[in-house]
Amino acid sequence: MEYITDRITIDSDLCNGKPTIRGKRITVQTVLEFLSAGDGKEEILEAYPSLEPEDIDACLKFASKLMGNHYDIRTIA
Numbered sequence: 000m001e002y003i004t005d006r007i008t009i010d011s012d013l014c015n016g017k018p019t020i021r022g023k024r025i026t027v028q029t030v031l032e033f034l035s036a037g038d039g040k041e042e043i044l045e046a047y048p049s050l051e052p053e054d055i056d057a058c059l060k061f062a063s064k065l066m067g068n069h070y071d072i073r074t075i076a
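Printed below as a string of structure tokens:
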């Protein structure tokens, strides 16, 4: 298991290698999808009682850092 931040982990044997929260079977993507659907922290924490408020903050920070990368769009023949 590799720690990307103190709360975000990647393990090729867990959730197909997607970033998860503290090695749990809860992906960063799942948390972000809840947030994008308009759910608040309270609803997410109720749905996933093993999460902590800092886990949700870590997901947002992780996504923000990803968007800070430079991306090139190239046509592949």
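Note that numbering that gives the first Met the number 0 gives residue 46 to position 47 of the sequence shown, counting from 1, and the numbers run on in steps of one.
Built from N, CA and C at the ideal position, the CB exists for glycine as well.
* Asked: Name the DSSP bridge partner or partners of ILE20?
  -> ILE7
* Beta carbon of THR18, beta carbon of THR29: below 8 Å? -> It should be pointed out that residue 18 corresponds to Pro in this sequence rather than to Thr. Not closer than 8 Å, so no.
* **CB-CB length for ILE20 against PHE33, believed under 8 Å** => Going by Cβ atoms, the distance from ILE20 to PHE33 rounds to 12 Å, so no, they are not a contact pair.
* Asked: Which partner residues of THR74 appear in the DSSP bridge assignment?
  -> Answer by DSSP bridge pairing: none, since THR74 is not bridged.
* With ALA36 as the anchor, note down where its alpha helix (DSSP H) starts and where it stops. => Per DSSP, ALA36 lies in no alpha helix (DSSP H) segment and is marked neither H nor E.
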